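Using our numbering, you'd call the opening residue of the first sequence number 3 and step up by one each time. Beta carbons are placed, not taken as given, at the ideal position from N, Cα and C, and that holds for glycine. Everything numeric in this text was worked out from a predicted model, so none of it was measured.
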Amino acid sequence: MKENTLGFFDKVYEVVKQIPYGRVTSYGAIAKYLGASRSSRLVGYAMNNSHGKDVPAHRVVNSLGLLTGKHHFEGTNLMQQLLENEGITVVDNQIKDFKSVFWNPVEEL
DNA sequence: CGCGTGACGTCCC
DNA sequence: CGGGACGCCACGC
């Protein structure tokens, strides 16, 4: 395993997998942590590839706390169900008290 | 090697 | 203040 050879996607997976239970983060925060704040789209694109892996993609939302990627989950509200299952309140596809449950990898890692 | 893509973010009007 | 448009850049083909 050449972790040094890990691509951008793999790095994203490593960060997302380290998100604590009951906490969420944003694509931009992950991108910034990876030093590619301008590549926030790559993070979302990476999540698309994360489908089928043990990556809690449901804990990753946009900077506004909106469940923009919920449409990519199996169910219509599966992402919301998973978040609520962790004690996170979601209202109208938006996380309530987003900043309160926000987990910043730049500061925590 | 070049083109298309994308679950975002930010600027512009 | 709200909506629209563009840039961004790694990855797959």
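| Asked | Found |
| --- | --- |
| Rounded C-alpha distance that separates residue 4 from residue 15 | Interpretation of residue 4 is limited by its pLDDT of 49, a score under 50 that renders its predicted location unreliable; the figure taken from the coordinates is listed afterwards. Spanning the two alpha carbons is a distance of roughly 15 Å. |
| Cβ-based burial, residue 23 [other Cβ within 10 Å; buried from 16] | exposed |
| Own chain, CB closer than 6 Å to residue 91, minus 5 neighbours either side, in chain order | 98 |
| Contiguous alpha helix (DSSP H) assignments of at least 4 residues, all confined to the stretch 30 to 85 | 42 to 52 |
| Contact set for residue 45: own chain, Cβ-Cβ below 7 Å, skip 5 residues either direction | 14, 29, 32, 33 |
| Inter-residue spacing [alpha-carbon to alpha-carbon] between residue 20 and residue 65 | 18 Å |
| Counterpart residues of residue 26 in DSSP-defined beta bridges | 104 |
| Closest Cα partner of residue 88 within the set 51, 41, 61, 102 | 61 |
| Distance CB(residue 173)-CB(residue 59) smaller than 8 Å | This structure gives no information on residue 173, because the portion of the chain shown stretches from 3 to 111. |
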